[in-house]
Amino acid sequence: TGTGRKSSIINKGTITAADGGYVALLAPQVKNEGIVTAKLGTVAFGASERVTLNMSGDSLIGLAVDKAAFEASITNKGLVQADGGTVIMTARTASDLASTVVNNSGIIQARSISNKNGVITLEGGEAAVANSGTLDATGRDSGQSGGKITVTGGAVTIATGSIIDASGDSGGGQILMGGNYQGQGPEQNAKTTTISEGTVRPTWCSLSVLPIPAR
2 TGTGRKSSII NKGTITAADG GYVALLAPQV KNEGIVTAKL GTVAFGASER VTLNMSGDSL
62 IGLAVDKAAF EASITNKGLV QADGGTVIMT ARTASDLAST VVNNSGIIQA RSISNKNGVI
122 TLEGGEAAVA NSGTLDATGR DSGQSGGKIT VTGGAVTIAT GSIIDASGDS GGGQILMGGN
182 YQGQGPEQNA KTTTISEGTV RPTWCSLSVL PIPAR
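Here the sequence shown is numbered in the working numbering, starting from 2 and rising by one per residue.
Next comes the structure, spelled out in structure tokens:
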């Protein structure tokens, strides 16, 4: 819990967890300009006034935002890597809902390892989420399948320069942009989703985009 309106964590160095471990950066504003690695583990960025970490033994399996923070934001300009594991970036803001609370212009990588698929989740609540970097949940080695990439918020923007890939040698994974297929499932449904041409690579992947375009 933290009540500082402008409190922040800024990483410009290298943070490395032991294999299967976790790294959690929690503050109203979280910015990564360096390298954060947790092979077979979890990297979690949480931007809010109060966050609960969901643990299973010594493993971090997720986080819940309990109270929004004024001007909450998560920015990644560096490398976040959790091959065979999970990357979660969740922010909730109590300020202008039009603001971008999760913005990735760097590289977020959670490739499959030894049949353990990677998971990448960017969540912004009712606010905007933007990506102009790389989201990589591929399964590139022989026999590996792709993982899962989810980007949700009130407004989702996949900008020019983005690379979003969940393809795999033995089959692709799942990419959810703005919600699940036809608005079903537990994922939040975006009010608007904008995807620049050529940024998502759905080859051998299950790709869902919401809102569903009008026919």
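For glycine and all other residues, C-beta sits at the position ideal for the given N, C-alpha and C. Just so you know, these numbers come straight off a predicted model, no measurement behind them.
Taking residue 37 as reference, the option from 20, 145, 52 with the minimal CA-CA separation is 20. In the displayed model, residue 14 falls within coil according to three-state DSSP, outside both helix and strand. Close CB contacts of residue 132 within its chain, under the 6 angstroms cut and outside five residues either way in sequence, are with 105, 159, 163 (chain order). Below 8 angstroms, enough C-beta pairs join the stretch 74-81 and the stretch 37-48 to call them touching: three or more.
Here residue 112 is buried. Its C-beta has 16 or more other C-beta atoms within 10 Å. The beta-carbon distance between residue 146 and residue 171, rounded to whole angstroms, is 5 angstroms. This is short enough to meet the 8 angstroms contact definition. By the CB criterion at 9 angstroms, residue 200 and residue 150 fall outside the cutoff.
Note that the C-beta distance between residue 122 and residue 87 is below 9 angstroms. Boundaries cannot be given for residue 183, as no beta strand (DSSP E) includes it and DSSP labels it neither H nor E.
Nearest to residue 126 by alpha-carbon distance, out of 183, 109, 101, 39, is 101. Note on residue 55: under 16 other CB atoms within 10 angstroms of its CB, so exposed under the neighbour-count rule.
In this chain, the beta strand (DSSP E) harbouring residue 47 covers 43-48. Secondary structure note for residue 192: it is in no beta strand (DSSP E), with a DSSP letter that is neither H nor E.
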